[in-house]
Every structure is written in structure tokens, then in C-alpha cells.
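Q:
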Amino acid sequence: MTTIWDLRAKLYDVCEASDLRRGPHKAALFRDMVGRVLFVAVGTGVDIRHFPPDREIIAIDISEEMLRRAEARRKSYRGVLSLVQTDALSLCFPDASFDTVATSCTMCSVPDPLRALRELHRVLRPGGQLLMFEHMRSRNPILGLALDLMTLVTRRGGTEMNRDTLGNARTAGFRITRIESVFLDIILSIHGVK
Amino acid sequence: MKSIRDNQGQQRLRSIMFGFGDCLFLLLVSTVAIVVMHLIHQLGWNFALTWLAGMAVAMVSQTLLALSVAPILGSIESMTPSMVVAMMSPMMVCTLNLTGYHLSRSGCFGLGAAFGVGMFLFIETYGCVYKRSLRRAFPGR
């Protein structure tokens, strides 16, 4: 898994080049980061520019190459931002150690999204908030079918377009408090609490 | 208060611009997919081969077009609806051919425009309905 993401790091910024449309939505979501923040799967750090200033953020990724590329962006952040290499499926943090956990297009790519969300639930303090910018399968049958077909190709690169991330977050124990549509019911800004 | 109004104005402008871009893009993909299928029908191959080749070329064209506009319109935002339109619009050409109606060049462009605008209206309507359902589910936000 680590090797796949080390290789993908080389093309990551090109693949994630949807920032013109999604950037303001991400900034609006991440504005709600409070206290000690865990940001999962920082990649090459393309989302760092949307972090609000003066926060204490620990950003993790499984890939050493991604984190190496994220380092320059980390330096540009006006606050406390640390990069840590760890797996979202077995986080190296104690229980209830964060006030906010945030993700951005992460749950499409982790091998076991429910396990990853349970890990996030574990490290979040009771009453802490979950902020997710995620894409998932549409409930519309035609658009859902298109996403299923796309997954046949994208799965080879480690990305699944048709996951039920909202359902998984609820199953993991989060209470969803607000959802904002970024693109139909496919890309959503999700607020939840533990 | 003024900055909130400015922000809302900016959001509305962005929304209109992206909507315009989405519409143009869907129109382009739909027209390209129909013209591709129309041209392959002109080769006079048997129906199954024509359908397979036409669909394959239409889907490859759609993928390349979607990848090229992804930095502006977004990857999923451009890929998902255009994939639907690039599957459905060439099938319409095949259906018309089966019923004995052969499209003219202007007919191809007209049908392409109709499919593109139709898909755009569908996603806009679906988006509005979904946002309304979110407002009902999370009132006061």
C-alpha cells in the first residue's frame, strides 16, 4: 500500500487539480477546525492552503514520498503543523487525543474505510468534531451506475468511487450534524460529532 | 454585512460560471459522441461491430475531454455526468439507424446539443432537489 502511494505521489498534484472548484468549499469546512486537530491523508499537502491559520494540526499520511513533497507546503502554514507518517487503519495516537479530526478525499482510498473511521472515532475526544470533504456513490441510479463503472478502472490505482462514506461514518459511531452539497450527492462537506 | 453580501455575490457568480462551463462541456461531449457514432455508421460495417466501435471511441473521447477540463471544472464533476451522456447519446444514433432514420450532419449537432443541455438540466434539477432535502434534514443551518 505504501509503495502504491509513493508512486502516486509523483502525479498526485495533477490528479488533485480540482482545487479551483472545490477549494472554497474545503476552506469553509476546515474553518471549523478547533483545538488539537488530526488531518488524515495529507498527501503532498495540496489542502494545507485551505487550513485556517493559528491552529495546532497533526497531518498524517502513509507515504513517506507524499510527506517529503508536503514539507514545503508545511513550512508555508501560519500555525503549528506537524507531518507524521502513520497508517489511518492503525493510528499511533492515544484514545481521545484530538478535538477535531478532518479528512479530504481520503475514504475512497483507504483499503478498509470502516476500520479507518473507527480509528478516527477512537482518537477523537467525546464531543469532538469530525470534518469530512469526501466523495461517494450517488443515490441516483444513473449517476451511481456511472460511478460503479468508473470504479472498475480507478480501483486499480487504489481509489473506489462508489463507497457509502456517509453510512460508514454513522456505522463507526459518529452523529452527522450537517451536510453541505459540493457536487450533487457525490461530493459532500460533512460535519459530525463523536 | 457588506462582506457577507459580497461573499454571497461571489458564490453566486462562481456557481453561474461553473454552471455555464458544465453546460458547454456536456454539450461538447454529447456532440462529439454523436458525431463519432454517426461517422462509424457511415463506414457500413455490421450493426454489432459499429455499435461496439462507436461506443468505444465515444467513451475514449469523453474520458480525454473530461481529463482535459478537470483542472477547471473538477475531475468527478466533469467525468460523472459526461460519462452518462457519452453512453446514452451514441445509443440514440444506433436506435435511429435501426428504425431507418439516418441523421444528417446538422441533425447530429442538434441531437448532441439536445442531449448535452438535457443532461445539464437533469444534474441542475437533481442538485436542487438534493440541496432542498439537506435543508429539510438539517434545518436552521
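Protein chains in written order, with the numbering used here: chain W, 1 to 194; chain R, 195 to 335. Backbone N, C-alpha and C define an ideal beta-carbon position, used for all residues, glycine too. Please read all numbers here as calculations on a predicted model, not as lab measurements.
1) Measuring straight from C-alpha to C-alpha, what distance separates R170/W and T100/W?
2) Cβ of I210/R less than 8 Å from any chain W Cβ?
3) Would you say L147/W lies against chain R (beta-carbon separation less than 8 Å)?
4) Strictly below 7 Å CB to CB, what residues from chain W border V254/R?
5) Whose Cβ in chain W lies nearer than 7 Å to the Cβ of A307/R?
6) What does the alpha-carbon distance come out to for the pair M132/W and D216/R?
7) Please list, in chain order, all residues of the same chain as T159/W whose beta carbon is under 7 Å from its beta carbon, the five residues on each side excluded.
8) Please check the pair S276/R and V229/R, which I expect to be a contact at CB under 8 Å, by giving their CB distance rounded to whole angstroms.
9) Out of curiosity, what's the CA-to-CA distance linking I142/W and D112/W?
10) Beta carbons nearer than 8 Å to chain R: which residues of the region 172-183 of chain W have them?
11) With distances taken from CA atoms, which of T257/R, I266/R and P265/R is nearest M273/R?
12) For L267/R, which residues of its own chain have a beta-carbon under 8 Å away from its beta-carbon, when the five flanking residues on both sides are left out?
13) Determine contact between the region 51-71 of chain W and the region 80-90 of chain W, defined as no fewer than three beta-carbon pairs at a distance below 8 Å.
14) I'd like to know if the region 177-184 of chain W and the region 323-332 of chain R are in contact, where contact means that at least 3 CB-CB pairs between them fall below 8 Å.
15) Apply the 10 Å Cβ neighbour rule to R69/W and answer buried if 16 or more other Cβ atoms are within range, or exposed otherwise.
16) Is N140/W buried or exposed, if buried means 16 or more other CB atoms sit within 10 Å of its CB?
17) What does S104/W reach in chain R if we use C-beta pairs closer than 7 Å?
18) Comparing C-alpha positions only, which one of D185/W, P24/W, R21/W and V193/W sits nearest to A172/W?
19) Measure the C-alpha to C-alpha separation of F39/W and G167/W and round it to an integer number of angstroms.
20) With DSSP collapsed to three states, give me the class of D200/R.
21) Do I48/W and G79/W have their CB atoms nearer than 8 Å?
22) Taking L305/R as the reference, which of T289/R, I317/R, T319/R and R199/R has the closest Cα?
23) Which of the residues in the region 120-150 of chain W, read from start to end, lie with their CB under 9 Å from any CB of chain R?
24) May I ask you to report which of helix, strand or coil DSSP gives T106/W?
25) Return the residue from the list S104/W, Y77/W, L91/W and R36/W that minimises the CA-CA distance to R115/W.
26) Counting C-beta neighbours from all protein chains within 10 Å, is the total for D185/W 16 or more, i.e. buried, or is it exposed?
27) By Cβ distance, which residues of its chain are closer than 7 Å to K291/R, with the 5 residues on each side in sequence left out?
A: The answer reads as follows:
1) If I take the Cα positions, the gap works out to 17 Å.
2) Not one chain W Cβ lies under 8 Å of I210/R.
3) Taking Cβ atoms only, chain R reaches closer than 8 Å to L147/W, which makes this a yes.
4) Listed by position along chain W, the residues whose Cβ is nearer than 7 Å to that of V254/R form an empty set, because the closest Cβ is around 12 Å away.
5) The contacting residues do not exist; A307/R stays about 20 Å from chain W at best.
6) The straight-line gap from Cα to Cα measures roughly 25 Å.
7) Once the five neighbours on either side are set aside, the close Cβ partners of T159/W are C108 and S109.
8) Not really, about 15 Å apart at Cβ, beyond 8 Å.
9) Between the alpha carbons of I142/W and D112/W lies a gap of roughly 26 Å.
10) Answer in chain order: T177, R178, I179, E180, S181 and F183.
11) Here the closest residue by C-alpha is T257/R.
12) F212, G215, D216 and F219.
13) Output reads yes: the region 80-90 of chain W touches the region 51-71 of chain W.
14) Touching, yes.
15) So R69/W ends up on the buried side.
16) Counting Cβ neighbours within 10 Å, N140/W comes out buried, since at least 16 surround it.
17) Here the premise fails: no neighbours, minimum Cβ distance about 13 Å.
18) Residue V193/W is the option with its Cα nearest to A172/W.
19) CA-CA distance, F39/W to G167/W, rounds to 21 Å.
20) Secondary structure of D200/R (DSSP, three-state): helix.
21) Result no, Cβ atoms of I48/W and G79/W do not sit closer than 8 Å.
22) When T289/R, I317/R, T319/R and R199/R are compared, the shortest CA-CA separation from L305/R is found for T289/R.
23) Only H135, S138, R139, N140, I142, L143, L145, A146, L147, L149 and M150 from the region 120-150 of chain W bring a Cβ to less than 9 Å from some Cβ of chain R.
24) In the displayed model, T106/W falls within coil according to three-state DSSP, outside both helix and strand.
25) Of the candidates S104/W, Y77/W, L91/W and R36/W, the one whose C-alpha sits nearest the C-alpha of R115/W is L91/W.
26) Burial call: buried.
27) In the sequence under discussion, the amino acid at residue 291/R is Asn, which differs from the Lys named in the question. When the five nearest sequence neighbours on each side are left out, the beta carbons in the same chain lying within less than 7 Å of the beta carbon of N291/R are those of H235, in order along the chain.
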